[in-house]
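Heads up: the structure comes next, in structure tokens.
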Amino acid sequence: MSTQTPSEKPWTGRFTEPTDAFVEAFTASVDFDKRMYRQDIRGSIAHATMLAEVGVLTVAERDAIIGGLGQIEGEIERGEFAWSIRLEDVHMNIEKRLTDLIGDAGKKLHTGRSRNDQVATDVRLYLRDECDLIQAELTRLQGNLVDLAEREADTIMPGFTHLQTAQPITFGHHLLAWNAMLERDTERLVDCRKRIDVMPLGSAALAGTTYPIDRSITARELGFARISENSLDGVSDRDFAIEFTAFASLLLMHLSRFSEELILWTSSQFAFVDISDAFCTGSSIMPQKKNPDVPELVRGKSGRVVGHLISLITLMKGQPLAYNKDNQEDKEPLFDTIDTVKGCLKVYADMLGYRELADGGRKYHVEPRRETMREAARRGFSTATDLADYLVRKGVAFRDAHEIVGKAVALGVATQRDLAEMGLEELQQFSGAIGSDVFEVLTLEGSVAARDHLGGTAPNQVRAAAARARARLGQGG
Ligand code: ARG
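Converting from the sequence shown to our numbering requires adding 63 to each position, the first position being numbered 1.
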């Protein structure tokens, strides 16, 4: 950070003493808001373009401003720009440098504008761009999930309730449940982007401005879909940032749940899936360990994003209209939310993908252990409901059927056998309604195939659901 004299600040006219050194550092935001320099420059170019069109600036002044801002952007990108905390924030740093570069025309840029509408515009531009990057990454993750689901449409695993084996399902069906959550997250993102895409520029400090501004010009230059209709609300609203962190919290909550399952499934107790070495790490003391760090970290990072949501809501709840300096505190939670979401989505999209092998084949990073899954479904009496449904079809009332099957399960527990491993006569001692056709319903394949309706786990339903999900992603089959 370079040292500037206090008089270089643009607002010192009514001040007689310099700012306290600690206060200067305490009130500055440049360390974190400089990441919006592109949006700040873009917004200033649009503002200058508009001021020239309505006759507040000359064309020569506008061109000098745009040229100077272009040069500043280059300096920042090459790491040559001297940021100063004495100039408080990204806005004043850039404006001061512009005036140094082009002289008096630079001093006219802030005509009809305030940092209050400037910062609100910058944050919206920044977040709007990030929403598009995040949506693309969500789509990549969903595409990989749907591919894997289709490939695993016939793979049998135990489905759980209360984390106890419940009924057999297909692994593809389970993966599509994850995808269903991500589809809703994408909808939320797309929806909140609509309210981000509203331009507050022109609200000025809080009341609008006396200059003959034309906000439709700046909105067109910046590609905003709408223009804010109340200047007080324009400079003070941060709902859009809260909505985004709410979207992010739900997304991370979902990724945290996937993570929890992957962590359980990679344990030797479950051993349902293998995750590639590239996405795991080892232990410095226990040589046998291969830890699912990626899912664990994603599960952990969900906490900070939920924390940012709470921070932003709390930040806003006591604020009177219009702009208050409190709002400077919106940036760090918002930026960290963006970074965390992007990191988690990237690592998940990569982890659910594959690596090309030398022979042209693919090595998927998350591979199911199909035999182990199947064996777990077989051992857990997962077809007990199917036996009860069979008895109902033979005329037994469901409650009686439930009781009969419960007794058969108790025998299985005592003798360590699944229902399908018992003989016909053995089963018939529980109910005379049981015939030799019972074994068809006791198989795992028969059980999943029978759940053949929209939303059910039957393999052909999973394939159809995967095709619909892919079409919704805009990806052909
Ligand atoms: N750095 C400030 C922020 O992030 C910019 C707006 C400052 N406005 C003001 N009136 N002090 O909110």
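All C-beta atoms in this analysis are idealised placements derived from N, C-alpha and C, irrespective of residue type, glycine included.
Are there 16 or more other CB atoms within 10 angstroms of the CB of residue i, so buried, or fewer, so exposed?
i: K426; result: exposed
i: T273; result: exposed
i: W74; result: exposed
i: L517; result: exposed
i: R77; result: exposed
i: L161; result: buried
i: A304; result: buried
i: G122; result: The residue asked about is misnamed: residue 122 is Val in this sequence, not Gly. It is exposed - the Cβ of V122 has fewer than 16 other Cβ atoms within 10 Å.
i: T233; result: buried
i: A183; result: buried
i: A534; result: exposed
i: S299; result: buried
i: K257; result: exposed
i: K364; result: buried
i: A528; result: buried
i: Q102; result: buried
Measuring only the C-alpha atoms, how far is residue i from residue j?
i: L196; j: Y411; result: 15 Å
i: D393; j: D260; result: 18 Å
i: G137; j: A270; result: 34 Å
i: N242; j: Q524; result: 15 Å
i: S339; j: R433; result: 16 Å
i: A88; j: R187; result: 25 Å
i: R531; j: T218; result: 20 Å
i: F444; j: L482; result: 7 Å
i: R278; j: R176; result: 12 Å
i: A282; j: P231; result: 55 Å
i: S374; j: G142; result: 32 Å
i: L314; j: V357; result: 16 Å
i: M316; j: R362; result: 8 Å
i: L204; j: D413; result: 8 Å
i: F144; j: Y100; result: 11 Å
i: R514; j: E508; result: 10 Å
i: I104; j: A311; result: 28 Å
i: E324; j: A341; result: 19 Å
i: D422; j: E213; result: 23 Å
Under three-state DSSP, which class holds residue i?
i: A229; result: strand
i: E292; result: coil
i: I219; result: strand
i: P396; result: helix
i: K457; result: coil
i: R432; result: coil
i: K72; result: coil
i: G537; result: coil
i: T224; result: strand
i: Y274; result: coil
i: Y427; result: strand
i: Y386; result: coil
i: R526; result: helix
i: R514; result: coil
i: M485; result: coil
i: R480; result: coil
Any heavy atom of ligand 2 within a distance shorter than 7 Å of the CB on residue i?
i: M155; result: In terms of ligand content, the structure shown lacks ligand 2 and carries ligand 1 instead.
| field | alpha helix (DSSP H) segments (min. 4 residues) lying fully within the stretch 299 to 367 | value | You should have 302 to 329.
| Can you give, in chain order, each stretch of the beta strand (DSSP E) that sits fully within the stretch 78 to 129 and has at least 3 residues? | none
| What are the start and end residues of each continuous alpha helix (DSSP H) run of 4 or more residues lying completely inside the stretch 127 to 201, in chain order? | 153 to 165 and 167 to 170
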